[in-house]
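The structure appears right after this line, and notes come after that.
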Amino acid sequence: MSDRSATAAVLSAAALRYRIGDALLLDGVDIELYPGELVGLIGPNGAGKSTLLRNLIGYLRPTEGTVTLEGKPIQSYSARDRAKRISYLSQYGPDQFPFPVIDVVEMGSYPVVGMGRAPGVREREAAMRALSYVGLERLADRSFPSLSGGERQLALFARILVQESPIILLDEPTASLDIGHEATLLQMVRDLCEEGYSAIVALHNLNIAAEYCRRLVLMDGGRVRAAGPPDQVLIGELIETSYHTSVHVGRNDSTGSITVSPVPTGGAARDLRVHVIGGAGGGVNISRFLHRTGCTLSGGVAHELDSDARLWKALAVPYVQVPAFSEIGEQDVARAAALVDAADLTVLCAFPFGTGNAANLDLAERAGRLLILDEESGGCPRDFFGDEEALRARFDRLAARHGVHPYRDACRLIEETLKEATSHEDP
Amino acid sequence: MLPARRRATVAFGLAAGLVVSFSAALAFGAVTLPIGSVVRVLLRVVAPGGIDPAELDAPMRRVYAILYHIRLPRAVAALFAGLALAVSGAAVQGLFRNPMASPDILGISAGSSLGAVLAIVSGLVVLHPLAVPGASFLGALAAASFVYTIAARRGGTHLIYVILAGLAVSSLLSGLVSAVLVFSEEYALSQFIFWTMGGLEGRTWANVTAPIPFILVLSVVLMFHANPLNLLSLGEEQAHSLGVRVEAIKVSVLVISSMLTAMAIAIAGPIAFIGLMVPHLVRMVTGPNHRTLLPFSALAGAIFLLGSDLVARLLFAPHEIKTGIVTAVIGGPYFIFLIIRYQRRGSV
Chain A
40 MSDRSATAAV LSAAALRYRI GDALLLDGVD IELYPGELVG LIGPNGAGKS TLLRNLIGYL
100 RPTEGTVTLE GKPIQSYSAR DRAKRISYLS QYGPDQFPFP VIDVVEMGSY PVVGMGRAPG
160 VREREAAMRA LSYVGLERLA DRSFPSLSGG ERQLALFARI LVQESPIILL DEPTASLDIG
220 HEATLLQMVR DLCEEGYSAI VALHNLNIAA EYCRRLVLMD GGRVRAAGPP DQVLIGELIE
280 TSYHTSVHVG RNDSTGSITV SPVPTGGAAR DLRVHVIGGA GGGVNISRFL HRTGCTLSGG
340 VAHELDSDAR LWKALAVPYV QVPAFSEIGE QDVARAAALV DAADLTVLCA FPFGTGNAAN
400 LDLAERAGRL LILDEESGGC PRDFFGDEEA LRARFDRLAA RHGVHPYRDA CRLIEETLKE
460 ATSHEDP
Chain B
3 MLPARRRATV AFGLAAGLVV SFSAALAFGA VTLPIGSVVR VLLRVVAPGG IDPAELDAPM
63 RRVYAILYHI RLPRAVAALF AGLALAVSGA AVQGLFRNPM ASPDILGISA GSSLGAVLAI
123 VSGLVVLHPL AVPGASFLGA LAAASFVYTI AARRGGTHLI YVILAGLAVS SLLSGLVSAV
183 LVFSEEYALS QFIFWTMGGL EGRTWANVTA PIPFILVLSV VLMFHANPLN LLSLGEEQAH
243 SLGVRVEAIK VSVLVISSML TAMAIAIAGP IAFIGLMVPH LVRMVTGPNH RTLLPFSALA
303 GAIFLLGSDL VARLLFAPHE IKTGIVTAVI GGPYFIFLII RYQRRGSV
């Protein structure tokens, strides 16, 4: 950001190492928080996010390295002076004792009140204001352990508001919130940052992180793997190697933010190659099913804007597509034919045939083993246009030879084939 | 926090309960004293210039003798032992965030037993009336320091290590107690067993005058830990982030609670269940906020021990049973009731 050189970081850590016994939980972490910033701290479980936050509030003492709060080492502050500058939220609330919610929120006034004195009217009013700000004023007198997980997190966040420290560290504040409350809470944090607060928020939901944080820090194995704007951190390869799962990185059509979605795989990949001849969305369900069950999938030929083609792209499987509304050319057929020849099984989905995609019938005819789905399966009628009678006759010949299956039967057949394939491999 | 009116009602009720139970402890016993003469003698005891028993007529002199030399020190002992046990129990439960915790976790009972048995077997008991209380007090403190030294380490005390060290030290010390008893005479054995029951019979001013100022001061200091104890219920990290010096609070609550409990044992022997039960009852009525829980527990603990001692004296009058038996007989079933209640609610 451009204003970084002009202002000093309010909170920073340099070359932070934290060791418990033989385990190195933080391995040389550098992080800075600038005034007004909302930084998203992301990374898989065990990456060291919580350990880092606990070092940043001075609860854990780093084995090596320093934490600097407003220009001075954090350990040089008295406990209450530190608490007036930096607040912290974990997912833990008083579960053992039935404190009323309002008492829990009021605990945020301790840095001002201290040991000897009971919080007074002013503290109580501040707690009520914070509670109504997060929308829980009707629960003020309920006992904290009786709240739902989401209400607890909002009540604990209200406690942060009462504390009024300019630096806020939140450890997975949205872990048990529904998407509505998750967005509301992060919007509140963002509003605070616009008023001059600064925040570091550890988040699991990468989409929310991309949506609300202008800077992300990706941690893995106790180190910072990447830091910067979302489009420089949420890169498929970085995310996949950190989280050890395949993901699809896209963009939210309405906000333009980066989106990350996991791409499920069916556990152990199994050795069954299936080619899907789809179009007009008729191949979406069966493609998802095949991907889920762990088949090696290929697709084509579909038109570019068909949802079939978009799904294959998202799943990153080999597929052939042609531009929307154009006719399938010879080259495309040749590429698709290679996929069909390599497949153990070809699925012909239900979609309308016309001059543009007649080549898909050629593909179906060359398949060794063909499974034809009935019209009910894709929500798309199998109509014939153009050279209608010739196309229908060719399809009927295929149908007579291979039969036409409802979607469920087809899934069952594929699962049986998978089982056979697996039992042949195992002995 | 409770509504102020409810809080005031409970405070008034406890204060009245304390006055009533204290008066009853003075008036009733093997001989019932008329409450009027009890009050008259008391007023003259506390009046400036004190009282000269020689000036009293014969019946009043008898009242004075029973009151001043027997019942008053005994009631005062019950009041302060009960107060100390209950307030330290409440604080330790808050510190461990566990309603089942008690200062006993620090090996205090076993330590005080070893102290007492050594004083009895060595014969110190016949040399000075305060030998057993003094030895049990020192034993309790030694055990607590030993446990804390094992559990503490650089960078923080994990409470789970305190519990484990407490278990280990307790069983070690109990083993030593048994070993000493094996080689002791029969009269020492029965004397020790009577001591372990806990009781207030035969307490004199010598038993109570030394510990009272300490119990008062330490209880008040402990009550000043109410806010940090509340915050610790959020977990140590969040308490730290709110400005609580977590390590310092842990040490000071453990040290103060151990000293209070050790003094209570020195006064009344190992009285069971008060530290566990009384804070529980108070929490049910007034909630878990330590700003009310600590002072109310102190009052309720005093009332409870005064009442238990009265029952012990009156149940089979003119014979009396050990006070510790009464608290255990009330406490055991109460604890069973708690277990069932928690099982029904599905949480401890």
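Residue numbers (my numbering), protein chains in the order written: chain A, 40 to 466; chain B, 3 to 350.
Just so you know, even glycine gets a beta-carbon here, dropped at the ideal spot from N, CA and C.
Beta-bridge annotation (DSSP): residue 358 of chain A is paired with A/338. Below 8 Å, enough C-beta pairs join the region 80 to 99 of chain B and the region 209 to 222 of chain B to call them touching: three or more.
Under the DSSP assignment, residue 103 of chain A falls in the beta strand (DSSP E) whose first and last residues are 103 to 108.
Nearest to residue 183 of chain A by C-alpha distance, out of B/61, B/71, B/236, is B/236.
With a cut-off of 8 Å on Cβ pairs, the region 282 to 295 of chain A is not in contact with the region 323 to 340 of chain A, counting fewer than three such pairs. Here residue 12 of chain B really is in contact with residue 298 of chain B; their C-beta atoms are around 6 Å apart, less than 8 Å. For residue 345 of chain A, the number of other beta carbons within 10 angstroms of its own is at least 16, and it is reported as buried. Annotation: Cβ neighbours of residue 137 of chain A in chain B (cutoff 7 Å, chain order): 289, 290.
Contact between residue 258 of chain A and residue 87 of chain A holds: CB atoms are separated by about 5 Å, below the 8 Å threshold.
The region 142 to 201 of chain A contains, as complete alpha helix (DSSP H) runs of 4+ residues, the segments 149 to 152, 160 to 172 (chain order).
Residue A/427 holds the alpha-carbon nearest to the alpha-carbon of residue 393 of chain A among A/427, A/401, A/450, A/120. Secondary structure of residue 314 of chain A (DSSP, three-state): strand. Taking C-beta atoms under 8 Å as the contact rule, residue 356 of chain A and residue 398 of chain A fail to qualify, at a distance of about 20 Å.
Residue 104 of chain B is outside the set of residues whose beta carbon lies under 8 Å from a beta carbon in chain A. By the 16-neighbour rule on beta-carbons within 10 angstroms, residue 435 of chain A is exposed.
For chain B, none of the residues of the region 225 to 257 of chain A brings a beta carbon within less than 8 Å of one of its beta carbons. For residue 301 of chain A, the enclosing beta strand (DSSP E) starts and ends at 297 to 301. Residues of chain B whose Cβ lies closer than 7 Å to the Cβ of residue 122 of chain A are, in chain order, 243, 244, 245. Straight through space, the alpha carbons of residue 242 of chain B and residue 204 of chain A are spaced by roughly 14 Å. Think of a sphere of 9 Å around the beta carbon of residue 129 of chain A: the chain B residues whose beta carbon falls inside it are 236, 237, 239, 240, 243, in chain order. Taking 8 Å as the cut-off, the beta carbon of residue 419 of chain A is found no closer than this to the beta carbon of residue 376 of chain A. Along the length of the region 61 to 89 of chain A, whole beta strand (DSSP E) runs at least 3 residues long occupy 62 to 72, 77 to 81, reported in chain order.
Here residue 108 of chain B is near residue 149 of chain B, since their CB atoms are less than 8 Å apart. Taking a Cβ-Cβ threshold of 7 Å, the residues of chain B close to residue 150 of chain A are 244, 245, in chain order. In this structure, residue 342 of chain B keeps its C-beta atom at 8 Å or more from the C-beta atom of residue 307 of chain B.
Taking a 10 Å sphere around the C-beta of residue 344 of chain B, we find fewer than 16 other C-beta atoms and assign the residue as exposed. Collapsing the DSSP output to three states places residue 61 of chain B in a helix. Under DSSP, the beta-bridge partners assigned to residue 262 of chain A are A/259.
By the C-beta density criterion, residue 14 of chain B is exposed, having fewer than 16 other C-beta atoms within 10 angstroms.
Check the Cα spacing between residue 270 of chain B and each of B/43, B/257, B/186, B/75: the tightest is with B/75.
In the three-state DSSP reduction, residue 273 of chain A falls in the coil class, being neither helix nor strand.
In the three-state scheme derived from DSSP, where H, G and I count as helix and E and B as strand, residue 221 of chain B is classed as helix. Identification of chain A residues near residue 99 of chain B by a Cβ-Cβ cut-off of 7 Å yields 135, ordered along the chain. Listed as beta-bridge partners of residue 385 of chain A by DSSP are A/314, A/409. Of the candidates A/50, A/439, A/46, A/218, A/50 places its Cα closest to the Cα of residue 124 of chain A. The beta-carbon separation of residue 94 of chain B and residue 105 of chain B, rounded to 5 Å, stays under the 8 Å limit for a contact.
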